[in-house]
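Below: one structure, written as structure tokens.
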Amino acid sequence: MDRIQEMTVFAAVAEAESFAGAARRLGVSAATVTRAVAELERRLGSLLVVRSTRQLRLTEAGTRFAVDVRRLLQELQEAEESAAGLHASPQGLLVVTAPQVFGDLHVTPAMIDYLAAHPQVEIRALLVDRVVSLLDEGVDVAVRIGDLPDSSLTAVPVGHIRRVVVAAPDYLDRHGTPRHPRELAAHATITAYGAQQGASWGFAGLDVPVRSRLSVTSFRAAIRAATAGAGLTQVASYQVAEALARGELRLVLEAFEVPPRPVHLVFAEGRRGSAKVRSFVDFCAARLRASLAALAVAATVN
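The sequence shown lines up with residues 25 to 326 when you count with this note's numbering.
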């Protein structure tokens, strides 16, 4: 087994955290994977993996080596794709990440239609509410919501989303509509604290303390509670677009909203030469721009 094959095996072990899992992913025997890692450790003179009967973990050296291996394998793939020509047809595995709810509602439909148009492409999507490192986790394209830090990544703007306060019409009929954020103290509130750090809600120019009797880690749960009339909640506009359209929720305190947050598609500069990345970014950007523009119009109407 040559060095590239050994690195490919080790990268699979690091991702699967299992010899058996890596073997299944690569379509080889577990014994082959074990021998490849052992040979790699022998040649490097360093222990990369600590094995036990129940688990496998990378050593400090193994963790550093895994990052370098992913980078080298990605650069090798990019070199091959570049040599094949920029106009080669999209093919191979595409890894995409997005925030969970936004990914469910807007990125997944785009991925489904993209796959229908490009039968030689496979997509693995990481829909999680954390910032995934493109390099460390082998991601090709990421959807980012919010201001971006300076980096070597390329960002394609696709629109904006608002952070809004909503409540059910029944709740507002029973308790009245707040006209200023400071009036929230007299209302029942529901906080989705996955994104809300501390017991306060942000508005233009001020943070307002709230004492929510119900705090949840799920935006969907907060929206469900608000729809049921349990109080007001503050979430992203795209998360409640359908409920607003159906009249299940109403917007309040619109004049005090913070500035809309930008949405970008982000990818490593070198990945632009990949046909699958280039075509997916173009396809997804068009879809997201259309859907976010439609959301902005719907929110204005409501």
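From the three backbone atoms N, C-alpha and C, an ideal C-beta is built for every residue, glycine too.
Residue 301 (DSSP reduced to helix, strand or coil)
helix
Would you mind giving the Cβ-Cβ distance between residue 167 and residue 116, rounded to the nearest angstrom? I have them listed as a contact below 8 Å.
Not confirmed; about 20 Å, so no contact.
Just to confirm my understanding: we take residue 139, look at its own chain, exclude 5 residues before and 5 after, and list those with CB closer than 7 Å. What are they?
145, 147
Of the listed residues 223, 237, 81, nearest to residue 231 (C-alpha basis):
223
By a C-beta neighbour count over all protein chains shown, 10 Å radius and 16 as the cutoff for buried, is residue 283 buried or exposed?
exposed
Drop a sphere of 10 angstroms on the beta-carbon of residue 67, count the other beta-carbons inside from all chains shown, and report buried for 16 or more, exposed for fewer.
exposed
Note down, in chain order, each residue of its chain lying with its Cβ closer than 7 Å to the Cβ of residue 319, except the 5 sequence neighbours on either side.
261, 262, 265
Which residue marks the beginning of the alpha helix (DSSP H) containing residue 210, and which one marks its end?
Run containing residue 210: none; DSSP gives neither H nor E here.
Mind listing, in chain order, the continuous alpha helix (DSSP H) runs of no fewer than 4 residues lying wholly within the region 167 to 201?
193 to 199
Cβ atoms of residue 257 and residue 250: under 7 Å apart, would you say?
yes
Confirm, please, whether the CB-CB distance from residue 304 to residue 159 is below 7 Å.
no
Exposure of residue 233, with buried meaning 16 or more beta-carbon neighbours within 10 Å
exposed
Unbroken stretches of the alpha helix (DSSP H), 4 residues or longer, contained in the region 231 to 255:
243 to 251
Per DSSP, what kind of secondary structure is residue 86 in: helix, strand or coil?
helix
Use the C-beta contact count for residue 110: other C-beta atoms within 10 angstroms, 16 or more gives buried, fewer gives exposed.
Annotation note: pLDDT 49 at residue 110 (below 50); position unreliable, coordinate value reported separately. Under this definition residue 110 is an exposed residue.
The region 267 to 287 / the region 192 to 204 touching (three or more Cβ pairs under 8 Å):
yes
Are there three or more Cβ pairs, one per stretch, closer than 8 Å when the region 33 to 41 is compared with the region 69 to 89?
yes
Measure the CB-CB distance between residue 96 and residue 121 and report whether it falls below 7 Å.
no
Going by DSSP in three states, residue 71 sits in which element: helix, strand or coil?
coil
Give me the Cβ distance between residue 312 and residue 287, rounded to the nearest whole Å; I'm assuming they're in contact under 8 Å.
7 Å
What does DSSP give as the partner residue(s) for residue 286 in the beta ladder?
184
In this structure, what does DSSP give as the bridge partners for residue 147?
118
Following the continuous alpha helix (DSSP H) through residue 37, name the residue where it begins and the one where it ends.
27 to 40
Report yes if the C-beta distance between residue 43 and residue 58 is below 7 Å; otherwise report no.
yes
Skipping 5 residues on each side, what residues in its chain have a beta carbon closer than 8 Å to that of residue 220?
Summary for residue 220: the model assigns pLDDT 46, below 50, so the residue's position carries little reliability, and this model does not support an answer.
What is the C-beta distance between residue 173 and residue 280, in whole angstroms, given that I count them as a contact (C-beta under 8 Å)?
The Cβ separation is near 27 Å, so there is no contact.
Going by alpha carbons, who is nearest to residue 23 out of 51, 163, 103, 212?
Not covered by the structure: residue 23. The range shown for the chain is 25 to 326.
Considering only the beta carbon of each residue, do residue 180 and residue 309 sit closer than 7 Å?
yes
Can you check which of these residues, 49, 175, 64, 103, is closest to residue 89 by C-alpha distance?
64
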